[in-house]
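Residue numbers (our numbering): 8 to 296.
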């Protein structure tokens, strides 16, 4: 049977963007969306292992080990990329809730073209998603800069860091995570751009981040437990970031309401944010639950 021609294959490639399904119900909350995605990624490994363990002993143990490595690497990438999406969705909410209510330059750190705006807003869409979705969020320093500006008091330098680097940077609950998360971003880079190969330059970066010897020209070979540890670490970090960002957003909105009560309705706003952050919210003394 002859191989299909290029024009035939092109038709199917161009159909790929139409192969979609609905977002999960958790997608309205950044934290819930992240936890659903990381669980799906890890459960893929569990499902595969259960199938293999219930089948007769494989004849090709080396091939099975290779498949397990590739699947674990893919799952690890999905876990880390889900954390990037979490930061992006959380920042979009901050833009939508804070940006239109403060007349300063906090949104100048976000840039997008007029052509992109025309496409984004043609069928509706939020300002936050427009400004945040096109950006990459796989670097602690850029995430720090964006959240620091987004969550600053009006016309003041921000003091909120999602990944504090020093004891003087706040909040305290997020201390001592910068290098660990930056290590995971570098793991993501190796998988996404080099199919798991650790180059010599990658190895040098890992060595500086982890303070341990890392050899280059090697292939990542994560086990199921490694994916689990990364998942648990990022879930803990995401929960703390979600809580701290929620508290700061509520604090900012309370101050804005006190200064100008026409800007927002505390009851409606606190209840809306409760659903988004999946945590109780209090604005101007009005609690969501």
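The C-beta atom is built at its ideal place from N, Cα and C for all residues, glycine as well.
Do you know offhand how far residue 47's Cα is from residue 203's? Annotation: residue 47 to residue 203 spans about 21 Å, alpha carbon to alpha carbon.
Is it buried or exposed for residue 156, if we count other Cβ within 10 angstroms and need 16 for buried? Burial state of residue 156 is buried, judged by a 10 Å Cβ sphere holding 16 or more other Cβ atoms.
Measuring CA to CA, which of 195, 237, 229, 191 is closest to residue 216? Nearest option by C-alpha distance: 191.
Going by C-alpha to C-alpha distance, which of 273, 250, 272 sits closest to residue 38? That would be 250, whose Cα lies nearest to the Cα of residue 38.
Beta-carbon separation (whole angstroms), residue 170 vs residue 150, contact threshold 8 Å: The beta-carbon distance between residue 170 and residue 150, rounded to whole angstroms, is 6 Å. This is short enough to meet the 8 Å contact definition.
Give me the DSSP bridge partner(s) of residue 129. Paired residue(s): 131.
Which ranges does the alpha helix (DSSP H) cover as unbroken runs of at least 4 residues, wholly within the stretch 201-225, from first to last along the chain? Inside the stretch 201-225, DSSP marks whole alpha helix (DSSP H) runs of 4 or more residues at positions 207-217, from first to last along the chain.
Taking residue 50 as part of the alpha helix (DSSP H), name the residues at either end of that continuous run. It spans 37-61 - the alpha helix (DSSP H) in which residue 50 sits, taken as one unbroken run.
With a threshold of 8 Å on Cβ separation, who are the neighbours of residue 117 within its own chain once the five nearest residues in sequence on each side are excluded? Here the set comprises 102, 138, 139, 142, 153.
Go ahead and label residue 22 buried or exposed: buried means 16 or more other beta carbons lie within 10 angstroms of its beta carbon, across all protein chains shown. So residue 22 ends up on the exposed side.
Please state the DSSP three-state secondary structure of residue 16. DSSP places residue 16 in helix when its eight states are reduced to three.
What's the gap between the Cα of residue 114 and the Cα of residue 195? Distance between the alpha carbons of residue 114 and residue 195: 28 Å.
What does a CB cutoff of less than 8 Å around residue 27 pick up in its chain, not counting 5 residues either side in sequence? For residue 27, where only same-chain residues beyond five positions count, there are no Cβ hits under 8 Å.
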